[in-house]
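Before any comments, here is the structure.
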């Protein structure tokens, strides 16, 4: 019923867009020309044929709104382009006003997209109040089930209501779980498969979520066979927490559904705002700080012999090496191959000006050049020396996952106090924990928050020597 209503409204908006465009272009109401009527008819028919193929009329429940709107916009542009090709084929475009065609395309597209946004907003509000919800029964271990319940609790607008759980850790009769009690987060817990199936059927549960490890293929098959005659949606939500540290996306690779276990977590379009901000911010910072660079360069040259800049190889995104730039803060010295001694308190190698620069992070400012060259980002996990990478990659779980995105001048770990030397494995573990949290929860506005915090309190650190 809802899908038919949506189709009817979309067709109505195509017609309304054509009529309004005619009024705007010619300042007269109907009648439309024969060619305009033909194009409107083309658009209506093509919309009904092509929109379902783009998934426009699938349920938007639990799906991100931007991606769904992008799908609608893409489908509408395909409809318009196809109608245009048909009109050219029939040699009818000479009689069409290009301005009218542009107006009608924009108006109809805007009406379709805005209406779907409004419907989506209304449904979110309704579902938050407990209406228009779909009941869910979860199959899995209590640990992963708690994670799913937390996600559902933080997304009430999706309209999924958990009603019971089958604990796969227990294989004893009909009794309920004694270790966790009879409930998990106020959710009834069952241990008997037949009792679980009976409850799903008696309560007319809409969906069964199989929150199981990938190794439980026989269990998945057992449930698909058990509910093969029931009109219940079975969903497999793989429990792969122990396999990777990143969100797991299902992607298409040469026509095969593929589950990412460890891959670059963000697509290029997602990163465009970050890339643009990095280049603009780095260029502005280099211009604004040019006088300070000159003063520091003179001070470094007068303080001790040697170059102004210190260059060192670091790992970038996906482990690609690059030369990082810093103002030299130590006297020129040489260390054995593969050995790197971190600066410590009262380190004799650190110059007087170098100590001040290190405490205030002024020695890091030349890295805006790395950002401008695309090797680093303004915000991201801090890159460590290659020798430290070799030391910690086997001691700190998830250490190398930090390099799945571009390293940054500042980061979530730095604004939370993790700056300077890391003399203990525990300190590096804490730093990596913050870095991975940043990757898991990245957004452009999260970057802006970190930049704001850095400007006001992130430059000076007690741990920087």
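Residue numbers (our numbering): 495 to 959. Here a beta-carbon is modelled for each residue, glycine too, at the ideal position from N, C-alpha and C.
If you check the CB distance, residue 905 and residue 874 come in under 7 Å. Around the Cβ of residue 888, a 10 Å sphere holds fewer than 16 other Cβ atoms; the residue is exposed.
Take residue 803, set aside five residues on each side of it, and the residues of its chain with a beta-carbon closer than 8 Å to its own are 819, 820, 821, 822 and 860, in chain order. The beta carbon of residue 928 lies closer than 7 Å to those of 906, 907, 910 and 912 in the same chain, with the five residues before and after it left out. For the pair residue 843 and residue 825, the CB atoms are nearer than the 7 Å cut-off.
According to DSSP, residue pairing for residue 654 in a beta bridge involves 628. Taking all protein chains in view, the Cβ of residue 897 is crowded by 16 or more other Cβ atoms within 10 Å, so the residue is classified as buried. Inter-residue distance for residue 782 and residue 892 is about 37 Å (C-alpha atoms, whole angstroms).
Comparing alpha carbon positions, the residue from 877, 620 and 793 closest to residue 849 is 793. Comparing C-alpha distances from residue 768 to each of 864, 639, 606 and 941 shows the shortest one belongs to 941. For residue 717, the enclosing alpha helix (DSSP H) covers residues 711-720.
Here residue 577 is buried, its C-beta having at least 16 other C-beta atoms within 10 Å. Excluding sequence positions up to five before and after residue 497, its CB lies within less than 8 Å of the CB of 551, all in the same chain and listed in chain order. For residue 816, the pairing in a beta bridge is given by DSSP as 808.
With a 10 Å radius around the Cβ and a threshold of 16 neighbouring Cβ atoms, residue 637 comes out exposed. The DSSP assignment places complete alpha helix (DSSP H) segments of no fewer than 4 residues inside the region 888-941 at 906-909 and 919-934, in order along the chain. Between residue 654 and residue 681, the alpha-carbon positions lie close to 14 Å from each other. DSSP, read as helix, strand or coil, puts residue 752 in strand. Between residue 809 and the set 731, 863, 780 and 895, the nearest pair of CA atoms involves 895.
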